[in-house]
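Here the structure comes first, spelled out in structure tokens, and everything after it is commentary.
Residue numbers (the working numbering): 1 to 340.
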């Protein structure tokens, strides 16, 4: 599995490709040598490595991906950036081009009321806005987890058949917020072990890179990584419902996700909704909701790889994606997946 690393900052002016061109062709003068060294040192100081790449996250779980965002994905892939197409496989799958990684969504710790929930040993009301269509299941229960892992394997087999050669494929498992660090590690370690068993059976290509997405619960994921419970880094982190306060600071949960991106070196994407409350203004208690402009500001913060914005959480259909900081590829010391 690839291990991604961050550290690039939006304010850095170095273009690694420019330095790369200088060091790959013969130098014409001593001045060019000095310039090349200066560019490389600047890159190190800014945290940008030669393999640092911008990330582009095209997603929709409520139908087809917005055409504007989809075209942005294609353009990013053509520029050599890392592209992620993160969708519910029940919806139409757009054309897959080289350079685009494919991620399939699964409802995870919930099930859909009806035949889906009937497959599980037990389920209970979610107690939230999704209670009309979903019920909660216990991913800590082995029999329940086995069913979900089998679902995920079937998704991976399908993705392996249709994804471009060389593309990473993975799963976006939702509703894992009820799991603590050991439960998260058990879920994803078991999934990846099942993937390896399927490889041996010839069900998944031996050369295909397979992974998982860390969805919400950044506290649990960070703890699982600190305790070295997870055997493999997530492909990226999604943190939903981010907000900025009046001072322009991220909410606590998003800051933890941001810190995990810095320490562990994988992309962090924020999923913002225009229906979320950012803050209230006293004394009139005016409600300030998360705006498109706030999403743009979030994307400029260090170690945030991008921000997607939708008008309303009831429909997970982003109409805006703003790229953020580039991400590279380093690991922590002493064999750890994350640095300090």
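Cβ coordinates follow ideal geometry from the N, Cα and C atoms, glycine included.
The ligand HEM heavy atom lying under 7 Å from the CB of residue i
i, result
"residue 178", "No copy of the ligand HEM appears in this structure; indeed no ligand is present at all."
8 Å contact criterion, which residue i and residue j should meet: CB distance rounded
i, j, result
"residue 176", "residue 212", "About 10 Å; that fails the 8 Å criterion."
"residue 290", "residue 312", "Incorrect: roughly 11 Å between the Cβ atoms, too far for contact."
"residue 324", "residue 305", "5 Å"
"residue 112", "residue 133", "6 Å"
"residue 189", "residue 231", "5 Å"
"residue 120", "residue 147", "6 Å"
"residue 327", "residue 299", "Contact doesn't hold; Cβ gap of about 13 Å is too wide."
"residue 181", "residue 229", "6 Å"
"residue 62", "residue 316", "5 Å"
"residue 215", "residue 251", "Rounded, the Cβ-Cβ distance is 17 Å, inconsistent with contact."
"residue 76", "residue 54", "7 Å"
Those residues which DSSP pairs with residue i across a bridge
i, result
"residue 110", "136"
"residue 327", "53"
"residue 104", "87, 171"
"residue 321", "308"
"residue 124", "136"
"residue 58", "85"
Selected residue, minimal CA-CA separation from residue i, among the options
i, options, result
"residue 271", "55, 52, 51, 59", "59"
"residue 264", "67, 223, 242, 79", "223"
"residue 259", "200, 130, 219", "219"
"residue 204", "92, 152, 181", "152"
"residue 241", "185, 294, 337, 103", "294"
"residue 338", "227, 286, 181, 56", "227"
"residue 168", "67, 122, 96", "96"
"residue 87", "286, 196, 155, 198", "155"
"residue 160", "326, 202, 124", "202"
"residue 79", "61, 99, 63", "99"
"residue 64", "137, 93, 82", "93"
"residue 243", "180, 215, 273", "273"
"residue 123", "115, 303, 110", "110"
"residue 82", "268, 282, 336, 287", "268"
"residue 84", "126, 164, 143", "164"
"residue 73", "56, 180, 62", "56"
"residue 145", "210, 107, 297", "107"
"residue 138", "183, 76, 131, 128", "183"
"residue 91", "66, 114, 101", "66"
"residue 246", "286, 209, 221", "286"
"residue 301", "238, 249, 319, 174", "249"
"residue 142", "187, 125, 166, 319", "187"
"residue 129", "319, 340, 314, 320", "314"
"residue 210", "308, 221, 166", "166"
"residue 253", "200, 233, 126, 221", "221"
"residue 185", "336, 297, 288, 140", "140"
"residue 102", "52, 257, 280, 208", "208"
Backbone secondary structure at residue i - three-state DSSP
i, result
"residue 337", "coil"
"residue 169", "strand"
"residue 142", "helix"
"residue 316", "coil"
"residue 64", "coil"
"residue 152", "helix"
"residue 32", "A caution first: residue 32 carries a pLDDT of 47, below 50, which makes its placement in the model too unreliable to give a value."
"residue 159", "helix"
"residue 27", "Reliability of the predicted coordinates at residue 27 is poor, the pLDDT of 41 falling under 50, and no value is obtained from them."
"residue 147", "helix"
"residue 45", "Summary for residue 45: the model assigns pLDDT 37, below 50, so the residue's position carries little reliability; its value from the coordinates is reported in the next sentence. In this structure, residue 45 counts as helix in the three-state DSSP scheme."
"residue 96", "coil"
"residue 72", "helix"
Interface flag, residue i vs chain D, CB-CB below 8 Å
i, result
"residue 113", "Absence of chain D from the displayed structure is noted, only one protein chain being present."
Practice task
Give, in chain order, every unbroken run of the beta strand (DSSP E) that is at least 3 residues long and sits entirely within the stretch 272 to 307.
Solution key: Those beta strand (DSSP E) runs which fall completely within the stretch 272 to 307 and span 3+ residues are 277 to 281, 286 to 289.
Handout entry: Secondary structure, alpha helix (DSSP H): runs of 4+ residues fully inside the stretch 176 to 248
Key = 181 to 200, 218 to 226
Handout entry: Any alpha helix (DSSP H) of 4 or more consecutive residues that is wholly inside the stretch 246 to 271
Key = 252 to 264
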